[in-house]
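Mapping to my numbering: the sequence shown position 107 is 102, numbers consecutive.
Note that beta-carbon positions come from the ideal geometry of N, C-alpha and C, so glycine has one too.
Below you'll find the structure, written out as structure tokens, and then a few comments.
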Amino acid sequence: MWLASGNNQIMSGFMVSPEQYNDTDLHFFVSWTADGFNATGCMDTDCQGFVGSTPPASVSPGSTVTPTSVYHGNQTEYTVTILQVAGNWSLIVDPSGENETVGYLPGSLFTGLASNATVVGWGGNAQSSSGAGPPMGSGHGPDEGDGVAA
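Structural data, given as structure tokens:
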């Protein structure tokens, strides 16, 4: 999911990125920028900005996410919410049926997102170093039904 206003952007969700995390596991991520990634912003907690919850949530930026869905097996569902609270952008994840506030990005990091977002989006992206687009999820389409498509 992502929110934007001008060059200000917040993105959060789940990704597999060997380049970022040095493994092929599923990770929760958050990234932000106040200027289109020209001089500000970063991924997870690689720079100042994101403020984690106290006590820490069971999911945090950069953490491995388990369990994950199993092909023809148990299916897992997670919800990510980005919500403006008291001028800050809170990240809320639902890893086990209960909403957990993961932390927040202070509104003071942003100009355009200081008061509201003008664009909200949902979706996914798949890429590989070879240039060929790998399949997302299980790689199977929705016509194959529950427990197969992701």
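C-alpha gap between residue 50 and residue 121, whole angstroms | 33 Å
For residue 83 and residue 96, I'd like the C-alpha separation in whole angstroms. 13 Å
Original post:
So, helix, strand or coil for residue 147, using DSSP?
Top reply: Shown here, the chain extends from -4 to 145; a query on residue 147 therefore has no answer.
request  = Identify every run of the beta strand (DSSP E) within the segment 71 to 132, keeping only runs that are complete inside it and at least 3 residues long; order them along the chain.
outcome  = 75 to 80, 83 to 88, 95 to 100 and 114 to 116
| query | Taking Cβ positions, are residue 116 and residue -3 nearer each other than 8 Å? | reply | yes
query = Under the three-state reduction of DSSP, which class applies to residue 4: helix, strand or coil?
reply = strand
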